[in-house]
Amino acid sequence: MRRYAYAIPYWLWIGLFVVAPIILIIYYSFFDIEGHFSLVNYETFFTPVYLRMTVNSFWYAFLITACSLLIAYPTAYLLTKTKHKQLWLLLIILPTWVNLLLKAYAFLGLFGTYGAVNALFEAIGIGTKQLLFTDFSFVFVSVYIFIPFMILPIFNALEKLNPSLIDAARDLGASEWTTFRRVIFPLTLDGVKAGCQAVFIPSLSLFMLTRLIAGNRVITLGTAVEQHFLVTQNWGMGATIAVFLMIAMASIMALTGNKKWGVRQ
Amino acid sequence: MKKISSLFLLVWLIAFSLLYVTKTIESSKGYGGANTLTIYNWGDYIDPALIKKFEKETGLKVIYQTFDSNEAMMTKISQGGTTFDVAVPSEYAISKMKEEGLLLPINHSKIPNLRYIDERFLDLSFDPGNEYSIPYFWGTVGIVYNRALLGGKEITSWNDLWDPAFKNQILLIDGAREIMGMALNSLHYSLNDTNKTHLLQAKQKLDQLTPNVKAIVGDEIKMLLANEEAAIGIVWSGDAAEIMWENERLDYVIPKEGTNLWFDNMVIPKTAKNIEGAHQFINFMLDPKNAAQNAEYVGYSTPNKKALEYLPKEIVEDERFYPSEQLADKLEVYENLGKSMLAYYNELFLQFKMHRK
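As you go down the protein sequences, you meet chains E and D in turn. Residue numbers for the first sequence follow the numbering used here, so the first one is 1 and each next one is one higher. Residue numbers for the second sequence follow the numbering used here, so the first one is 1001 and each next one is one higher.
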């Protein structure tokens, strides 16, 4: 009996803050802007405008995840080899303590026509380039913001890796590349998956950066949700997009989730 | 288990002592209780010296809070968690708030200074008879441009913006009404047009502007233009005054095809507790000397006729901010087009944003 009593706060929390909002979102998605029950929002979602927006969002989220992984894996690997692991790790986590808005504003200054980066380009003879409001800067800043969430799970996976397995591989004559490909990478795959989830899912619904860094030249589903709720006050359409975002996220979780139920452990 | 309980206790203790400290600080400053007045206004939209003066004259304590969009302000007021005594929404927001019953009527007998307001700004369509609102500032939407960066080229109309020479030089404010209105005006339609063919035409015209548009941004536009990130910006006149203050190479123009005329107005939301104080404050702000001081500080145009006498000549005679009657005839106030029309405007604006170079 007591055990159930301890679980009450947990169930209350899940019910109030997870289940109820999801039901509310689904409920709202069936109402048009005048408040009548209809499926018009779902029809609108399947028009070229929103389908293109969906493809765009997935494309940028994919780019951001791929770039993060490309940088994060070697970084995490090197981290496990360094002397002061905890200190380096702390330095990587530190930027996540800074407010996102502040970081975005900092990049506005850095990437501006007369900003520090362009001053450097000018000095080394490349010349001033337009950095702000481009696809490049959008992906760059997003990667910068999300990369700690990719490094951490990979780092943990690498730390847990038993070094004697690597020694064994080397003893049996595997080259460095083969050891990595056949031993290290498969054994850290769970960390990679966790990292990809932690980056892909939030970047799918990214919104503020699309205005600040990309100057609304990149429009994602997140931008549309924000606009429908705050400006148009078309809650139904905003909720409908949110429903599709939830479906997308759930399927990504299912695809990359651990399929090792009962197999190992 | 014992450790957890003591940790819990500690957290609660800290929380309560922090609460106690904020309460004591507030009450030592005189906040809390019936002698406060909470004002909810746009950021940097009043001369702080006037608040001090008002506190001295009335003995009331002013709590000044700010918002950055009409929508955010309306949401907060309709939730009713905070008691705001005076708020300063724009005209289209007022008709919406009126419909939703978020406003209290204003007692004109308690606001004798209302007589100083220019008649042009009274009894407008969004609030007939000024039953719920009193004008605070007014202005236009127009073009800020950097003469030096454009090599001395002049801009006088909306249609000038489509010049291929301005490739990648324009910053737009992120507002569907403003930008759709600009396109409609450039086609010589009304910016309250609800004819869908006209609106589609306007959207197509905007698509043609895409090569010239560098970005569509929010409040950052002021900083970006002052830093010469781009040479041209579509902004509200008050923002223009602020940017020009920071960078003297910039100039503002009201396009000759006509543009939007907007008002910010003082209202008493239904959350008000100190209704007497709210009336006092509104009357105080309408005092010609105070209105002039405020207009000089904020940079927007004052609707107070008498206040113009106290303002420096170069401000009052500046046609960019106090346009001539001839140009004023071409200015239009936004009408509340209804939810679904507004949604259509936003939909077209979203499609324009997605249009690629």
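Quick reminder that beta carbons are idealized off the backbone N, C-alpha and C, glycines included.
Candidates R211/E, M253/E, V49/E, of which the one nearest F107/E by Cα: Locating residue 107/E in the first sequence gives position 107, where the first residue counts as 1. It is R211/E whose Cα lies nearest to the Cα of F107/E.
Under 8 Å between the Cβ atoms of Y1344/D and L1199/D? Residue mapping note: residue 1344/D aligns to position 344 of the second sequence, counting from 1. Residue mapping note: residue 1199/D aligns to position 199 of the second sequence, counting from 1. A contact, by the Cβ cut-off of 8 Å.
Mind listing, in chain order, the continuous alpha helix (DSSP H) runs of no fewer than 4 residues lying wholly within the segment 8 to 85 of chain E? Counting whole runs of 4 or more residues, the segment 8 to 85 of chain E contains the alpha helix (DSSP H) stretches 20 to 28, 40 to 45, 48 to 81.
How many angstroms separate the CA atom of Q1204/D from the CA atom of L87/E? In the second sequence, the residue the question calls residue 1204/D occupies position 204. In the first sequence, the residue the question calls residue 87/E occupies position 87. In a straight line, the C-alpha of Q1204/D is about 56 Å away from that of L87/E.
Three Cβ pairs or more, each shorter than 8 Å: is that satisfied between the segment 234 to 244 of chain E and the segment 25 to 44 of chain E? A contact exists between the segment 234 to 244 of chain E and the segment 25 to 44 of chain E.
Could you tell me whether the Cβ of D1174/D comes closer than 8 Å to any Cβ of chain E? As a position in the second sequence, residue 1174/D is number 174, starting the count at 1. Interface residue, yes.
On a Cα-Cα basis, can you pick out the residue from E34/E, P95/E, I166/E, F46/E that is closest to I184/E? Taking the first sequence and counting its residues from 1, one reaches residue 184/E at position 184. Of the listed residues, the one whose Cα sits closest to I184/E is I166/E.
Is A1215/D close to chain E, meaning its C-beta is less than 8 Å from at least one C-beta of that chain? The residue you call residue 1215/D lines up with position 215 of the second sequence. True, the Cβ-Cβ gap to chain E drops below 8 Å.
With DSSP as the reference, identify every bridge partner of L1087/D, one or two as the case may be. Within the second sequence, numbered from 1, the residue matching residue 1087/D stands at position 87. The displayed chain sequence assigns Ala, not Leu, to residue 1087/D. Bridge partners of A1087/D: Y1040/D, V1267/D.
Give, in chain order, every residue of the segment 1050 to 1068 of chain D whose Cβ lies closer than 8 Å to some Cβ of chain E. Across the segment 1050 to 1068 of chain D, no CB contact with chain E closer than 8 Å is found for any residue.
Is the segment 1266 to 1282 of chain D close to the segment 1101 to 1113 of chain D, with three or more CB pairs under 8 Å? Enough Cβ pairs lie closer than 8 Å, so yes.
What residue does the alpha helix (DSSP H) around T1058/D start on, and which one ends it? On the second sequence, position 58 is the one that residue 1058/D refers to. Element bounds for T1058/D: 1048 to 1058.
Please return the same chain residues whose Cβ sits closer than 8 Å to the Cβ of I26/E, not counting the five positions on each side in sequence. Locating residue 26/E in the first sequence gives position 26, counting from the first residue. So the qualifying residues of the chain are A239, V243.
Output needed in chain order: residues of the segment 125 to 152 of chain E with a Cβ under 9 Å from some Cβ in chain D. Cβ contacts with chain D: Q130, L132, F133.
In angstroms, rounded to a whole number, what distance separates the CA positions of D1044/D and L102/E? Looking up residue 1044/D in the second sequence gives position 44. Looking up residue 102/E in the first sequence gives position 102. Roughly 20 Å separates the two Cα atoms.
Where does G191/E sit, in a helix, a strand or coil, going by DSSP? Numbered from its first residue, the first sequence carries residue 191/E at position 191. Reduced to three states, the DSSP call for G191/E is helix.
Short of 8 Å in beta carbon distance, which residues of its chain neighbour N156/E, apart from the five on each side in sequence? Order them along the chain. Within the first sequence, numbered from 1, the residue matching residue 156/E stands at position 156. Within the same chain, N156/E has close Cβ partners G191.
Can you tell me the Cα-Cα spacing of P1255/D and G1218/D, whole angstroms? Counted from its first residue, the second sequence places residue 1255/D at position 255. Counted from its first residue, the second sequence places residue 1218/D at position 218. Each residue's Cα considered, the two are about 21 Å apart.
Looking at C-alpha atoms only, which residue of T1038/D, P1323/D, A1307/D, W1158/D is the closest neighbour of G1081/D? Counting from 1 along the second sequence, the entry for residue 1081/D is found at position 81. Among T1038/D, P1323/D, A1307/D, W1158/D, the Cα nearest to that of G1081/D belongs to T1038/D.
Can you have a look at I241/E and say buried or exposed, based on whether 16 or more other CB atoms are within 10 angstroms of its CB? Numbered from its first residue, the first sequence carries residue 241/E at position 241. Classification of I241/E: buried, given that the 10 Å Cβ count is 16 or more.
Against chain E, which members of the segment 1327 to 1353 of chain D pass a CB distance test of less than 7 Å? Near chain E, meaning a CB-to-CB distance below 7 Å, the residues of the segment 1327 to 1353 of chain D are K1339, S1340, L1342, A1343, N1346, L1350, Q1351, K1353.
Counting only Cβ pairs nearer than 7 Å, list the residues of chain E close to N1227/D. Here residue 1227/D corresponds to residue number 227 of the second sequence, with the count starting at 1. G112, Y114, listed in chain order.
Quick one: list the residues of chain E neighbouring G1218/D, beta-carbon separation under 7 Å, in chain order. Counted from its first residue, the second sequence places residue 1218/D at position 218. Under the 7 Å cutoff, chain E gives R211.
Going by CA-CA distance only, name the one from Y1020/D, S1078/D, N1294/D that's closest to L1050/D. Indexing the second sequence from 1 puts residue 1050/D at position 50. Checked all of Y1020/D, S1078/D, N1294/D; the closest Cα to L1050/D is N1294/D.
Using 8 Å as the Cβ pair cut-off and three pairs as the minimum, do the segment 63 to 75 of chain E and the segment 140 to 149 of chain E touch? Under the three-pair Cβ rule at 8 Å, the segment 63 to 75 of chain E counts as touching the segment 140 to 149 of chain E.
Apart from the five residues on each side of it in sequence, which residues of its chain come closer than 7 Å, Cβ to Cβ, to L1122/D? By one-based count along the second sequence, residue 1122/D stands at place 122. Hits under 7 Å: N1130.
Would you mind giving the Cβ-Cβ distance between N1192/D and E1332/D, rounded to the nearest angstrom? I have them listed as a contact below 8 Å. Walking along the second sequence from the start, residue 1192/D turns up at place 192. Walking along the second sequence from the start, residue 1332/D turns up at place 332. Sure, about 7 Å apart at Cβ, within 8 Å.
In this structure, does DSSP put V1011/D in helix, strand or coil? Along the second sequence, one-based indexing puts residue 1011/D at 11. Assigned with DSSP and collapsed to three states, V1011/D falls in helix.
At a Cβ cut of 7 Å, what residues of the segment 1065 to 1090 of chain D count as close to chain E, listed as they run along the chain? Taking 7 Å as the cut-off between beta carbons, the residues of the segment 1065 to 1090 of chain D near chain E are E1071, in sequence order.
Under 7 Å Cβ-Cβ, which residues of chain D neighbour N118/E? Reading the first sequence from its first residue, position 118 is the one you call residue 118/E. Around N118/E, no beta-carbon contact reaches into chain D at under 7 Å, the shortest distance being about 11 Å.
Contact with chain D by V231/E, beta-carbon distance below 8 Å: Here residue 231/E is taken as the residue at index 231 of the first sequence, counted from 1. By this cut-off, V231/E is an interface position.
When the cut-off is 8 Å and only beta carbons count, does I33/E lie next to chain D? Mapped onto the first sequence, residue 33/E falls at position 33. For I33/E, the closest Cβ of chain D is nearer than 8 Å.
Beta carbon of K1214/D, beta carbon of G215/E: below 8 Å? For the purposes of this step, residue 1214/D is identified with residue 214 of the second sequence, where counting begins at 1. For the purposes of this step, residue 215/E is identified with residue 215 of the first sequence, where counting begins at 1. The answer is yes: Cβ separation under 8 Å.
Could you check where the beta strand (DSSP E) with N118/E kicks off and where it finishes? For this step, residue 118/E is matched to residue 118 along the first sequence. Run containing N118/E: none in the beta strand (DSSP E); it sits in the alpha helix (DSSP H), 116 to 123.
Taking CB distances under 8 Å as the criterion, tell me whether R217/E reaches chain D. Along the first sequence, one-based indexing puts residue 217/E at 217. Yes, contact with chain D.
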